[in-house]
Structures are given as structure tokens and as C-alpha cells.
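A.B. asks:
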Amino acid sequence: MELDRIEDLLKKYNNAETSLQEEAELSTYFKSNNVAPHLAHYKALFQYFSEAQHEEFTKDVPLNTKRRYNSYGWISVAAVIVVMIGLYVPNLFGPSEEELKQQEEAQLAYEQTVKALNLLSIGVNQGRSELNALTMVGENLNQGLDEVNRLHHFAKTKNEIFNLSN
Amino acid sequence: MKQVDFVNLIMPFKDKVYRLAKRLLVSREEAEDATQEILLKLWNNKEKIKNYKNVEAFSMTMTKNFCLDRLKSKQAQNLKIVHSNYTDNNSSLQKQVEARDSVDWVSKIMDELPEQQKIIVQLRDVEQYDYDEIAKMLDMKETAVRVNLSRARKKIREQLTQTHRYGIR
Numbered sequence: 000m001e002l003d004r005i006e007d008l009l010k011k012y013n014n015a016e017t018s019l020q021e022e023a024e025l026s027t028y029f030k031s032n033n034v035a036p037h038l039a040h041y042k043a044l045f046q047y048f049s050e051a052q053h054e055e056f057t058k059d060v061p062l063n064t065k066r067r068y069n070s071y072g073w074i075s076v077a078a079v080i081v082v083m084i085g086l087y088v089p090n091l092f093g094p095s096e097e098e099l100k101q102q103e104e105a106q107l108a109y110e111q112t113v114k115a116l117n118l119l120s121i122g123v124n125q126g127r128s129e130l131n132a133l134t135m136v137g138e139n140l141n142q143g144l145d146e147v148n149r150l151h152h153f154a155k156t157k158n159e160i161f162n163l164s165n
Numbered sequence: 000m001k002q003v004d005f006v007n008l009i010m011p012f013k014d015k016v017y018r019l020a021k022r023l024l025v026s027r028e029e030a031e032d033a034t035q036e037i038l039l040k041l042w043n044n045k046e047k048i049k050n051y052k053n054v055e056a057f058s059m060t061m062t063k064n065f066c067l068d069r070l071k072s073k074q075a076q077n078l079k080i081v082h083s084n085y086t087d088n089n090s091s092l093q094k095q096v097e098a099r100d101s102v103d104w105v106s107k108i109m110d111e112l113p114e115q116q117k118i119i120v121q122l123r124d125v126e127q128y129d130y131d132e133i134a135k136m137l138d139m140k141e142t143a144v145r146v147n148l149s150r151a152r153k154k155i156r157e158q159l160t161q162t163h164r165y166g167i168r
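Protein sequence lines, in the order shown, are assigned to chains A and B.
The first sequence begins at 0 in numbering that gives the first Met the number 0 and counts up by one.
The second sequence begins at 0 in numbering that gives the first Met the number 0 and counts up by one.
#1: Along chain A, in chain order, which residues have C-beta atoms closer than 8 Å to that of B/Lys-63?
#2: May I ask which residues mark the beginning and end of the alpha helix (DSSP H) holding B/Leu-122?
#3: Nearest-angstrom Cα distance between B/Leu-38 and B/Lys-45?
#4: How would you list, in chain order, the residues of chain A whose beta-carbon sits under 7 Å from the beta-carbon of B/Lys-13?
#5: Hey, would you say B/Leu-137 sits closer than 8 Å to B/Ile-155, going by beta carbons?
#6: Name, going along the chain, the residues of the stretch 98 to 116 of chain B whose beta-carbon falls closer than 7 Å to a beta-carbon of chain A.
#7: Let me know if B/Ile-9 comes out buried or exposed under the rule of 16 or more other beta-carbons within 10 Å of its beta-carbon.
#8: How would you list, in chain order, the residues of chain B whose beta-carbon sits under 7 Å from the beta-carbon of A/Asn-14?
#9: Spatial neighbours of B/Val-125 within its chain, please: CB distance less than 7 Å, with the 5 preceding and 5 following residues excluded, ordered by chain position.
#10: Which bits of chain A does B/Leu-39 rub up against, with CB to CB less than 7 Å?
#11: Would you check if there are 3 or more beta carbon pairs closer than 8 Å linking the stretch 55 to 64 of chain A to the stretch 26 to 36 of chain B?
#12: Looking at the unbroken alpha helix (DSSP H) that takes in A/Lys-11, where does it start and where does it end?
#13: For B/Met-109, does the count of other Cβ atoms within 10 angstroms reach 16, so buried, or fall short, so exposed?
#14: Is there a Cβ of chain A sitting closer than 8 Å to that of B/Leu-159, yes or no?
#15: Determine, for A/Leu-44, whether the minimum Cβ-Cβ distance to residues of chain B falls below 8 Å.
#16: Could you name the residues of the same chain whose beta carbon sits closer than 7 Å to that of B/Leu-41, not counting the 5 residues immediately before and after it, in chain order?
#17: Name the chain B residues whose beta carbon is nearer than 8 Å to that of A/Leu-19?
#18: Give the straight-line distance between the Cα atoms of A/Gln-22 and A/Tyr-12, rounded to the nearest whole angstrom.
#19: Quick check: what's the CA-CA separation for A/Trp-73 versus B/Ser-26?
#20: So A/Lys-10 packs on A/Phe-29, CB below 8 Å; how close in whole Å?
#21: Considering Cα atoms alone, identify which of A/Val-34, A/Arg-127, A/Val-60, A/Ala-132 is closest to B/Phe-5.
#22: How would you write the range of the alpha helix (DSSP H) that A/Ala-47 sits in, first residue to last?
#23: Exposed or buried, which one is A/Thr-27 when buried takes at least 16 other CB atoms within 10 Å?
#24: At a CB-CB cut-off below 7 Å, which residues of chain B make contact with A/Tyr-47?
#25: Using only alpha-carbon positions, find the residue among B/Lys-52, B/Trp-104, B/Met-139 that is nearest to A/Leu-44.
In C-alpha cells:
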């Protein structure tokens, strides 16, 4: 009786005329243990269908991927800004205290060298005036020598006179 | 629409999308990628989702088209999707399904069917949609769906009786 109905349903099933309820009926029949031997091959089919219903999608879906920016672009922009700030800011604030100190030290060193050079030049001038004195000494010497020559002449003429008188 | 709402919306049918994708693409990884892709597409168009009458049916149509495109592009490259589901960490259930020989045969027989019939058998016998729903999803007439389904079922039955007899002999 039941078997007749099942066979009838199977015929309809193969012609795709069964409703969902009728298919559910077939499914429960083939899940039971008293399946007629000549229909045994359907058992695997319905078993497969009911088990295939339980396969699940377990992977996560990354829903926010679209919102991720291309951050490297912004990093390069930031780097350029940092470099420009690095170049402009020292100029904007003028020379720093340390630089002022260095400048003062340089000024001091310059003035000291100027002083030293002045002292040196004074010494050189003194030396030159002393050299002048030396030349004067030289002139006096020459004068002395002339006078010695004159004395010599005088002695010569005196001798000649002596000779004549003898 | 917030993320929570969206997840609640897709929850009832994301597995169905995945199963249809796996039916067509065979490989589990491919099917997972396809499912991800489809759910992301839905998420990106979340503003328009409210206008759709039946998001589930729409998603199933999208899945079908996406997978067929995928298959076509693979064939154009002269590559066939080869599944590598040999080590299955997914679920013990999956193992149970595929370990049993006769049940495994059914899945092999279904892999042999033409795409259209695969889709229809999947939607009807596994997901248990009504004929008119399937007809809408596939943009076919209901009678055409029935004809295809009946052909597919007959083919499966023939193959099954053959292997069954072979097993007995």
C-alpha cells in the first residue's frame, strides 16, 4: 500500500511533477530503514540531498575592505611637508642664540687680531726709525773718515815740508 | 544600512549561495571566493538593496551568473578548475558526506550534468525552492524548469541504477 504510493510518487518525481511536500514525504521514506530492495539506489540520492543541505559557508567576509585608503600616498605628502618645514622654520625665527654667541666670538677674535696686527706694525715702525739712526751713524762715520783723510793730507804735506826744510 | 543589519540580511541565504557556487565550481576554495565576492558586491550596493523585492532570489541569480562567468573565463584560458578538497578541515559532516561511497557517487553523477541542470537540481532538491521561484531566479519559464529538472532526475536515476547494479554483481 505504502510502497504503491512511493512508487507513484517516484514516477511523479522523475517527471518533476511532485510538490515540495511530496518530495519531503519521499525523503522521509528513504531515510527510514525499511526501504524496498528494488528502490535502494534512491536511498543514496535522498541521503545526499539532505546532507548537502547542511554544508555551510564558514569563511569571514571582510566588509570594510573598501574603506581602506592608500596610506602610502599620504605618507609621502607628510614627508614633503616635514622637509619644507625643516627648511623654512630656522629662517623664519632668525639666527638662534648659539649662532649669536658664535658671531660675537668671531667678532672678538677679529678685533683681537686687528689689535695684534696694529702692535706689530708699531714695532715695525720703531725698527725703521732705529734703522734711520743707524744710517745717521753711518753718515757720521763717513764724515769722520773724510776728516781722517784730511788729517792724512795734512800729515803728508807736513812731511813734504819737513823734507824740503832738511 | 549598518553592518549588523546586513549580516542579518544575508545570514539566511549565504550558505545557499555557497552551496550553489560549490555545485558549479566544484572546488571549495573557488566556491568560497565566489561567495565572498558576491556578498561583497551586495555590501557595496547596500543602498540599493532596499529596492529589491527579494534579496535572496536576486543573490542566487547573481551567484549563478558569477559562477558561469567564472567557468567560461576558466575554459577560455584552457584551464579547468581542479578541486583540491582532499584534506578537509571544514567539518566532520563534509567528511561523512564524502566518505560514504554510494553517497559520493551521487555527487559525482551530479558533476557530470550540464550546468543548467546542475543549478536546477541544486535549487530544487537541495535548497527546496518552489518552481516559480526557480523560474524567476533563472529567468526561465516554469515549464522549462520542470522539463530540465525531469531530464536531470532521469539521468541521475539511470546512472545510479547502473552503478548500483554494478555494485551488486
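Where a beta carbon is used, it is the ideal one built from N, C-alpha and C, also for glycine.
Bear in mind that the values here come from a model prediction, so they are computed numbers and not experimental data.
C.D. replies: Short version:
#1: Those within 8 Å of B/Lys-63 in chain A number zero; the least Cβ separation is about 16 Å.
#2: Looking at the DSSP string, B/Leu-122 is not in any alpha helix (DSSP H), and its letter there is neither H nor E.
#3: 10 Å
#4: Phe-56
#5: no
#6: Residues Ser-101, Val-102, Trp-104, Val-105, Ser-106.
#7: buried
#8: Ser-149
#9: Counting only Cβ-Cβ distances below 7 Å, and skipping sequence neighbours, we find Arg-18.
#10: Taking a Cβ-Cβ threshold of 7 Å, the residues of chain A close to B/Leu-39 are Val-60, in chain order.
#11: yes
#12: 1 to 13
#13: Around the C-beta of B/Met-109, 16 or more other C-beta atoms lie within 10 Å, and the residue is accordingly described as buried.
#14: Interface flag for B/Leu-159 against chain A is set, since a Cβ pair is found closer than 8 Å.
#15: yes
#16: For B/Leu-41, where only same-chain residues beyond five positions count, the Cβ hits under 7 Å are Ile-9, Ile-48, Ser-58.
#17: Gln-127, Asp-129
#18: Gln is not the amino acid found at residue 22 of chain A; the sequence shown has Glu there. In a straight line, the C-alpha of A/Glu-22 is about 7 Å away from that of A/Tyr-12.
#19: 40 Å
#20: With 8 Å as the limit, A/Lys-10 and A/Phe-29 do not qualify as a contact, their Cβ atoms being about 15 Å apart.
#21: A/Val-60
#22: One detail in the question is off: residue 47 of chain A reads as Tyr in this sequence, not Ala. Residues 39 to 51.
#23: With fewer than 16 Cβ atoms within 10 Å of its Cβ, A/Thr-27 is classed as exposed.
#24: The contacting residues are Val-102, Val-105, Ser-106.
#25: B/Trp-104
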